[in-house]
Amino acid sequence: MTTEFITIWASAGILVGLALAFGVRCLLTVAPPASHTTWLMAVPLTSLVFGGLAWRFGHQFDLLPYSVLAALGVALSAIDAIDRRLPSVLIYSGVAVVGVLLASSAIMHSRGPDFVRALAGMAVVAVFYLVLALVSGGGLGAGDVKLGGLLGLALGWLSWSALVTATAIGWFAAALIWLVLRMFRRRPEGSLLPMGPFLLFGALVTITLVPT
1 MTTEFITIWA
11 SAGILVGLAL
21 AFGVRCLLTV
31 APPASHTTWL
41 MAVPLTSLVF
51 GGLAWRFGHQ
61 FDLLPYSVLA
71 ALGVALSAID
81 AIDRRLPSVL
91 IYSGVAVVGV
101 LLASSAIMHS
111 RGPDFVRALA
121 GMAVVAVFYL
131 VLALVSGGGL
141 GAGDVKLGGL
151 LGLALGWLSW
161 SALVTATAIG
171 WFAAALIWLV
181 LRMFRRRPEG
191 SLLPMGPFLL
201 FGALVTITLV
211 PT
């Protein structure tokens, strides 16, 4: 893929990141001082992910649904890091838009089996996270379960191996960061990390970098 196209799409990511930074902040219930820094970091991060997706998919139609996932994913990660919650309105919007785009791709490119697998992936991950939420006693919240459904939809479209890889990367990253914070006594014993950013990290890394 040409450097010019990647640069253009990454620049579009800056604009999308800025729009989300101003438009989505109304969903916060608290506004700690660190929130401004978090949103400023979200803008270049959105651009970086957009550039990676342009490199991965080029002019393929799949660039659109995964760019939507990336934009909403960065916004959800920022909100979860600041507010410890994942707004349903963003997740449901992601499921609707990504789902419609994947369905359109399935129709245009005769990829019906891929779309069926995407729907199955959404159901499998959502049910799996629901079971974890019930047995963990608060380790996972309802937002994480809904986010799992969105990620299962997006990853299932690629392959079952992509879904498994992304889930493993997300949970491994969360465990690693938790251990590092505990080692340096930056988190009290028994405290929990917001899982949204890690689940999204695993998904976006897998979509962008891991061959499927």
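Going by the UniProt record's numbering, the sequence shown opens with residue 1, and the numbers climb by one from there.
Ideal Cβ placement from N, Cα and C applies to all residues, glycine included.
Everything numeric in this text was worked out from a predicted model, so none of it was measured.
Please report how far the alpha carbon of residue i lies from the alpha carbon of residue j, in whole angstroms.
i, j, result
"L200", "W55", "19 Å"
"A42", "V131", "31 Å"
"A120", "I14", "33 Å"
"A162", "A174", "18 Å"
"T3", "A12", "14 Å"
"V16", "V125", "28 Å"
"A10", "L176", "29 Å"
"V145", "G152", "10 Å"
"R111", "V100", "14 Å"
"H59", "I91", "26 Å"
"L18", "W171", "29 Å"
"G137", "V127", "16 Å"
"V135", "A166", "22 Å"
"residue 215", "L179", "No answer is possible for residue 215: it lies beyond the span of the chain, which begins at 1 and ends at 212."
"T46", "A154", "18 Å"
"F22", "L40", "10 Å"
Residues in the same chain with beta-carbon distance under 6 Å from residue i, minus the five sequence neighbours each way, listed in chain order, please.
i, result
"W157", "L102, D114, A118"
"A133", "L140, V145"
"G202", "A166, I169, G170"
"V210", "T165"
Using a threshold of 7 Å, state whether the C-beta atoms of residue i and residue j are closer than that.
i, j, result
"V49", "V68", "no"
"F61", "S105", "yes"
"P194", "R84", "yes"
"I169", "Y66", "no"
"L72", "G94", "yes"
"G149", "M122", "yes"
"residue 220", "A75", "Because residue 220 is not part of the residues shown, which for the chain are 1 to 212, the question remains open."
"I6", "G51", "yes"
Please return the same chain residues whose Cβ sits closer than 7 Å to the Cβ of residue i, not counting the five positions on each side in sequence.
i, result
"L27", "I79, P87"
If you follow the alpha helix (DSSP H) that residue i is part of, which residue opens it and which one closes it?
i, result
"V16", "3 to 23"
"G196", "196 to 209"
Who are the near neighbours of residue i in its chain, counting only those whose CB is closer than 8 Å to its CB and skipping five residues on each side?
i, result
"A108", "For the sequence presented, residue 108 should be read as Met rather than Ala. Once the five neighbours on either side are set aside, the close Cβ partners of M108 are F61."
"G143", "D80, R85, L86, P87, S88, I91, G196"
Legend entry - Whole alpha helix (DSSP H) elements within the UniProt domain "Prepilin type IV endopeptidase peptidase" (68 to 178), 4-residue minimum: 88 to 108, 112 to 136, 142 to 158
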